[in-house]
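Note sheet for the following structure.
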Amino acid sequence: MIPGAPPQPSRLLRIDAHCHSRASDGPALAALGFVGCPESYSPPEKVYDQALARGMDFVTLTDHDTIQGGLELLHRGFQNFILGEEVTVYFPEDRCKLHVLVWGLTPDQHEQIAELRLRDDVYAFAYWLREQQLPHALAHPLYIQNARFDTWHLERCALLFKGFETLNGAHSGLQQTTLERFFAALTPGRLLDIAKKHALEPLWERAWQKARTAGSDDHALLNVGRTWTALDAEHSTTDPRDFFRQVMKGRSTVGGVGGHPALLAHQLTSVGAAWYARTSRKPRSARRRFARARLLRFAGVRETPPGPFALAWDTLRRTIRPRSRLPLWTNLRRSLDSVLDRYPSLRERLHPDSWVDGPPLAQHDTMEQFFIDLTHAVAELLQDGTLKAVRAKDRRGVLDHVLSYACLTAAQAPYLFSLFQQNKERPFLDKLDHQYARSGSGISITERPTRLALFTDTLGDVNGVSRFIRTMGEHAFAAGKCLHIATSTAVRCPDAPYIHNFRPLFSMRMPGYSHLEVALPPLLDMLRWADQVRPDVIHVSTPGPVGLVGILAARMLKCPLVGTYHTDFPAFVEDLLNDHVMTRITEKCMTGFYKRFAGVLTRSREYVPRVSALGIDPDRITPLTPGCDTIAFHRKHADRAMWRTHALLPETLKILYCGRVSVEKNLPLLTAIWPRVREALYEQNIHADLVIIGDGPYREEMQKQLKNHGACFLGYRFGHELSTLYASADLFVFPSLTDTLGQAVMEAQASGLPALVSDCGGPREVIQNGRTGLVLPGHGPQAWVEAIVHLAADSTRRAEMSHAAFDLMQSRSFAHSFEHFWKLHDAVRARHLASMGITAGTSPRPAAPEHTITSRTAATDHAAAH
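In terms of the numbering used here, the sequence shown opens at residue 393 and continues consecutively.
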């Protein structure tokens, strides 16, 4: 060393201790066994080359229950290689499956595992490992393989095995954190308690000190050498056997990347692509063979493309005799190169010469983003074609585009499967963290605040549901609560850090309801986001496409669902179509949607029996404390001079309606009575204007009928302008029969307006009949005429009602409603955790499987036999 030179960092000796080759020829999933797809196609020498290329000093192969791949390398004289195997073993009590990595075994020892039937008895196998003094590690220790593994099994494994794979490159990196917490709590005293509880002696000296290993668990030549087991220079060796002896003494460290959904998806895709290339017939078309060869290269599968002459001839032939194809393939061809140009690193890896460091699929983050961008690019072109087909009333064209969207979604299957697979152990990890966490450490899930994700199809629109959700978000943000709001719309949404608007794959205005949007949310984008946010509870606000994504997210994350019954859709359909069959179908759809929810909130007490009638357990239905934003909606915002900006006289009486302008809001009643009201008031020398705020499919008809009758249609209004319009009016009318609450009714009263509502639906619950407004027959036009005329003419009573309405709403601020809203979700979360045995201040006791065999006897029997 040069005097005065800075000390050089010690060099690590590394090995990727978990790799697979084509010798692992069983199916990774049972479903793949039906089509004959093995779990790996990797040639052993390619695994070896990639490990060295990525800086590994030693190499191993750990194929499932076979050593054929490793023997191939040993017989060919590959240096610095150690034979390994991933052995499948079972607990005899319940056939719970485990995988155990073993290194340095001989062919004879491999044969012994089968001859002694050790795979059927984990206790006998563990005793045999100790007898043979073989380096080993329990692979992916927290992975639940056949729906049986639990804390009971883990505690027994802690007594049976010395080595544990604490970092696996194909399984969620979160498992490492929980496993290390488990080991940190595994003191000599704690281990002794576990041994007494299970009546099972530890098989290894200093069993509380575990040997740690890590490996990529690669099956597709994508990740070899990216996750490793390491020794520092102090324990330097040139013998891989000695390397593992040092590992078993607890001297190793682990490093590299843990598993994540994109990595697993690309591994599945790569194996699937190799299977497809080997088993499928090549297309006759040169252009299709070229596209196939090019796409396979993303997965590292080499296939010779057709030559330029064949391509030119095929192009000419298709020009002369064109054939119809799904729009998906045409748009994919149009989009691929333009999107790929944004990712030069992927384009470079399309050449096979670069595959020693992995094909494009090995660049996980980049490849995932490329796939998402390509999906959106293709979807954008599909949307243009779909809208053209709709406008042209081309049924075949619409069907082709629908099928194309279905194929586009199906192409995301590996990513979607991987997201679900990577979250499979989430409840188990939560339970294990809780059981072994020290009280007050903040590790237990019961010691951290609730994280809530809300999915809604409506947010940018002007309606009561949107305003309710936005206000909830504002209150949560101000209170420091973790609430994320997810939507997918082409409509502009508020800009807030807790609002996440995902660009839809398709959107159009609903025929007949131009103010409403039909949108196809990007399923993969939204589930990836949910996986990153990891909410404890998911709230679904609307039974639409985004709501369905919320349901899928809850299933993926194993967390409870809560929903709000904002809109009475069966009543909506009945009122709009007057069709009993369609109403029943809608009721069935609502039942199917809400029956899986742990809690259903209604905006009023009246709707509790209606929701219960859908087949929802009444114990799961809760009316939400109503509330409105009493700061944004306040009589202090009154400014009657502003009516001049709408060509209205400030001194005339203003009768206000705010909401969707549609038939289901019972606006035909208001349309019918207004000329009579205006005439009756005119006879008393009272001049009045009807002001309609909002938009919808009935607006054109309503304007036509009320032309020259003193009706002013303002369309959508927002923010302070909306507050001023409310506060500057004199009377609020809301004849809807289907609203579950009527948020606008509360906002009107908070602004000092007496409110007239129908006797059907939730709005009647938020007024005090005769004091802050009037409840009138929903189908009684004469009662509405008399009530409006009487209040318009009686300024004294109107003023009394105005003050009473304002005072009533001050006690119903949104703060109270938000507090109730949040407590309900806390309660749902607590019930969900309790169902898993997790409650604050307790540790769940692991239950033993039924028909337990004494494990000490199993190990003793093996010893006696040998």
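By construction, the Cβ of each residue, glycine as well, lies at the ideal position given by its N, Cα and C atoms.
Just so you know, these numbers come straight off a predicted model, no measurement behind them.
{"Item": "Are the Cβ atoms of Ser-810 and Ala-657 separated by less than 8 Å?", "Value": "yes"}
{"Item": "Whole angstroms is fine: what's the gap from Gly-699's alpha carbon to Asp-729's?", "Value": "19 Å"}
{"Item": "Tell me the DSSP secondary structure of Phe-1110 in three-state form.", "Value": "coil"}
{"Item": "Mind pulling the beta strand (DSSP E) runs of 3 or more residues that sit fully within the region 1036-1073?", "Value": "1045-1050"}
{"Item": "Enumerate, from N- to C-terminal direction, the unbroken alpha helix (DSSP H) stretches of 4 or more residues contained entirely within the region 594-645.", "Value": "632-640"}
{"Item": "May I have the straight-line CA-CA distance separating Ala-1175 from Thr-1063, to the nearest angstrom?", "Value": "14 Å"}
{"Item": "When the Cα of Leu-510 is compared with those of Ala-420, Phe-1110, Phe-483, which residue comes out closest?", "Value": "Phe-483"}
{"Item": "What is the rounded straight-line gap between the Cα of Thr-863 and the Cα of Lys-980?", "Value": "31 Å"}
{"Item": "Tell me whether the beta-carbon of Leu-1262 lies closer than 8 Å to the beta-carbon of Ile-1078.", "Value": "Because the chain here runs from 393 to 1258, residue 1262 falls outside it and cannot be looked at."}
{"Item": "Nearest CA to the CA of Gly-856: which residue from Leu-844, Leu-897, His-958, Ala-1121?", "Value": "His-958"}
{"Item": "Only counting runs of 4 or more residues, tell me where the alpha helix (DSSP H) segments fall wholly within the region 490-534, in order along the chain.", "Value": "499-507, 514-524"}
{"Item": "Can you name, in chain order, every residue of its own chain whose Cβ lies under 7 Å from the Cβ of Leu-968, other than the five neighbours on each side?", "Value": "Val-1055, Glu-1056"}
{"Item": "Quick check on the burial criterion: 16 or more other C-beta atoms within 10 angstroms. Buried or exposed for Leu-1059?", "Value": "buried"}
{"Item": "On the CB-based measure, 16 or more other CB atoms within 10 Å of its CB, does Arg-406 come out buried or exposed?", "Value": "buried"}
{"Item": "Excluding the 5 residues flanking Thr-1244 on each side, which residues of the same chain have their C-beta closer than 6 Å to its C-beta?", "Value": "Because Thr-1244 carries a pLDDT of 43, less than 50, the predicted location of this residue cannot be relied on, and the following value inherits that uncertainty. So the list reads Glu-485, once near-sequence residues are dropped."}
{"Item": "Take the Cβ of Leu-1114 as the centre, count every other Cβ of all protein chains shown within 10 Å, and call the residue buried at 16 or more, exposed below.", "Value": "buried"}
{"Item": "Whole angstroms are fine: how far does the CA of Ala-603 sit from the CA of Arg-403?", "Value": "20 Å"}
{"Item": "Here's a check: name, in chain order, each residue in its chain whose Cβ is nearer than 6 Å to the Cβ of His-1254, leaving out the five neighbours to either side.", "Value": "Because the pLDDT of His-1254 is 44, which lies under 50, any placement of that residue in the model is unreliable, and the number read from its coordinates should be weighed accordingly. Ala-516, Tyr-519, listed in sequence order."}
{"Item": "Buried or exposed: where does Lys-554 fall if 16 or more other Cβ atoms within 10 Å of its Cβ makes it buried?", "Value": "buried"}
{"Item": "In the region 691-758, which residue ranges form an unbroken beta strand (DSSP E) of at least 3 residues, counting only runs that do not cross its ends?", "Value": "none"}
{"Item": "What residue range does the beta strand (DSSP E) around Gly-476 cover?", "Value": "473-482"}
{"Item": "If you compare alpha carbons, which of Pro-841, Ser-1128, Asp-417, Trp-1035 is closest to Thr-1116?", "Value": "Trp-1035"}
{"Item": "Between Gly-984, Ala-1184, Ala-945, Met-974, which lies nearest to Leu-1048 when the distance is taken from Cα to Cα?", "Value": "Ala-1184"}
{"Item": "Count the other CB atoms within 10 Å of the CB of Glu-1075; is the residue buried (16 or more) or exposed (fewer)?", "Value": "exposed"}
{"Item": "Is there contact between the region 1158-1177 and the region 1084-1098, where contact requires at least three CB pairs shorter than 8 Å?", "Value": "no"}
{"Item": "Rounding to the nearest angstrom, what Cα-Cα distance links Glu-966 and Thr-978 in this structure?", "Value": "9 Å"}
{"Item": "Indicate the three-state DSSP secondary structure (helix, strand or coil) for Asp-1081 in the structure shown.", "Value": "strand"}
{"Item": "Out of Ala-577, Met-948, Leu-583, which one is the CA nearest neighbour of Asp-923?", "Value": "Met-948"}
{"Item": "Is it true that the region 702-711 meets the region 757-776, where meeting means three or more beta-carbon pairs spaced less than 8 Å apart?", "Value": "no"}
{"Item": "So what does Arg-843 bridge to, in DSSP terms?", "Value": "Cys-874"}
{"Item": "Nearest CA to the CA of Arg-540: which residue from Leu-490, Gly-496, Leu-521?", "Value": "Leu-490"}
{"Item": "Since Thr-454 and Glu-477 should fall inside the 8 Å C-beta cutoff, what is the C-beta to C-beta distance between them, to a whole number of angstroms?", "Value": "6 Å"}
{"Item": "In chain order, what residues of the same chain lie with their CB nearer than 7 Å to the CB of Asp-792, ignoring the 5 residues before and after it?", "Value": "Leu-718, Pro-719"}
{"Item": "Residue range of the beta strand (DSSP E) that Arg-406 falls in?", "Value": "405-407"}
{"Item": "Just the Cα atoms here: how many angstroms apart are Pro-935 and Glu-998?", "Value": "20 Å"}
{"Item": "Does the Cβ-Cβ distance between Gly-561 and Gly-650 come in under 8 Å?", "Value": "yes"}
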